[in-house]
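Just so you know, we're using my numbering here: the sequence shown kicks off at 2 and counts up by one. The beta carbon of each residue, even a glycine, is placed where N, CA and C say it ideally should be. Below you'll find the structure, written out as structure tokens, and then a few comments.
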Amino acid sequence: MQALARMRELKATGRVSLDLSANDENVDKLPQLKLENGDQLIIPSRPDFVHIFGAVNQEASVIWRKGTTVDKYLANAG
């Protein structure tokens, strides 16, 4: 029980990633996040490039194209 009590006292740190669509206009869909002084809300612009690396034959950075799937990018990288 002491471990649980200590965990409740810990302050969370880190990031929260949200899966939002650029077409979402309804703010009611947003989760209720408790923000504190010093917290930042960063909404990145649409990416210009997709970076493909790891267990592929050809690592690359390719131009982002609307509608292109992850499977297509990976197939092109081998």
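Host beta strand (DSSP E) of residue i (start-end)
i, result
"ALA4", "No beta strand (DSSP E) contains ALA4, which is instead part of the alpha helix (DSSP H) from 3-10."
"ALA61", "61-64"
One or two residues paired with residue i in a DSSP bridge
i, result
"PHE50", "ILE64"
Sub-9 Å separation of residue i and residue j beta-carbons
i, j, result
"ALA78", "ILE44", "no"
"VAL71", "VAL63", "no"
"LEU19", "LEU5", "no"
Local conformation of residue i per DSSP, three classes
i, result
"ASN58", "coil"
"LYS35", "coil"
"ASP25", "coil"
Limits of the alpha helix (DSSP H) - the one that residue i falls within
i, result
"LEU75", "71-78"
Which listed residue (the options) has its alpha carbon closest to that of residue i
i, options, result
"VAL17", "GLN33, VAL57 and SER46", "GLN33"
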